[in-house]
Amino acid sequence: MMPVAPPRSKSGWLLALALVALVVASFASMPLQLAAFFSAEALATTSEFLQGFAPPELGTKFLLKCLNATAETLSMSALGTLLAVFGGLALALPAAGRFGRAPRALTRAVLNVLRSIPELVWASLLLVAAGLGPFAGTLALAAHTSGVLGRLFADALENAEPLPEQTLRTNGAAPMAAFFYATLPQTLPQMMSYTLYRWENNIRAAAVLGVVGAGGLGQMLKYHLSLFQMQNAATVVLCMLLLVAMVDAISFAMRRALTR
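Following full-length UniProt numbering, the numbering of the sequence shown begins with 1 at its first residue and continues without gaps.
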């Protein structure tokens with residue numbers, strides 16, 4: 001005899017209905033003009049616009065510029081992620097409650113502020129202080145990612161098995177030594193996985209940050225689009241796609257190796 005499925009709670013049905021109503025209200029409040037979007041005139045204009053991107057510019061001089069911008073974007077993402085790892089670790093310890101409740105609440109509020117502000121907003125703010133170029137983009141990535149990694153690292157530390165560290169401290173080990181020999185080794189693979197995943201995201205973000213003048217491929221893309229040099233812009237977009245695909249593959253392979 002098959003077991004009888006438990007009855008669904010009314011709160012679940014109410015939540016589903018509320019979500020459906022929210023989606024319907026969102027579409028109703030937006031002035032969507034789907035007929036105009038799919039009209040023959042719109043399709044012809046879109047086709048003409050896309051044809052302007054072909055063929056991509058493949059001149060040696062321009063490809064070297066794209067290569068330099070790609071290296072700049074890669075450097076921004078790598079350095080920004082590295083700075084965020086140190087910042088995230090420094091904030092994760094008090095955020096995990098290792099120094100009491102008050103520092104935990106204060107640090108978590110700081111982490112919420114850091115990760116609530118998008119990279120583009122950070123870059124726009126830091127451009128005033130750091131000026132145009134990759135330095136502002138690197139700091140923007142570091143600020144936002146510090147908030148994200150700090151929260152993830154803090155959760156990993158809180159969820160770690162406390163018994164090994166307690167055992168070491170009971171046997172006379174210093175608190176810092178017990179942390180480094182017991183708790184940190186438990187959470188290190190998870191932290192590395194989080195770091196690699198955020199590096200993937202930062203590659204995409206770094207490619208876009210140049211739109212506000214933060215250097216790299218994004219700045220090249222904005223420049224050529226503003227001059228309607230579509231073939232040059234197509235080459236820049238291809239460089240972005242290749243860079244993201246390469247970093248995604250490397251990060252995926254490294255994360256798989258860490259979780260084995």
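Just so you know, even glycine gets a beta-carbon here, dropped at the ideal spot from N, CA and C.
The model shown is predicted, which means the values in this text are computed figures rather than measured ones.
| Query | Result |
| --- | --- |
| If I measure Cβ to Cβ from Glu158 and keep anything under 8 Å in the same chain, skipping five residues before and after, which residues do I get? | Ala96 and Gly97 |
| For Phe153, count neighbouring Cβ atoms within 10 angstroms of its own Cβ and tell me buried if that reaches 16, exposed if not. | buried |
| Using the C-alpha atoms, what's the distance from Leu91 back to Ala160? | 17 Å |
| Tell me, please, whether the region 59–74 touches the region 109–128 by the rule of three or more beta-carbon pairs shorter than 8 Å. | no |
| Can you check whether the CB of Gly215 is closer than 9 Å to the CB of Pro164? | no |
| Using the rule of at least 16 other Cβ atoms within 10 Å of the residue's Cβ for burial, across every protein chain shown, is Gly150 buried or exposed? | buried |
| With DSSP collapsed to three states, give me the class of Pro162. | coil |
| How is Gly210 classed by DSSP in three states: helix, strand or coil? | helix |
| Met192 and Leu258: beta carbons closer than 9 Å? | yes |
| Between the alpha carbons of Pro103 and Lys222, how many angstroms are there, rounded? | 43 Å |
| Mark Thr81 as exposed unless 16 or more other C-beta atoms lie within 10 angstroms of its C-beta, in which case mark it buried. | buried |
| Which parts of the region 32–95 are runs of the alpha helix (DSSP H), unbroken and 4 residues or longer, counting only runs that do not cross its ends? | 34–37, 40–51 and 60–95 |
| Does Gly216 come out as helix, strand or coil in the three-state DSSP assignment? | helix |
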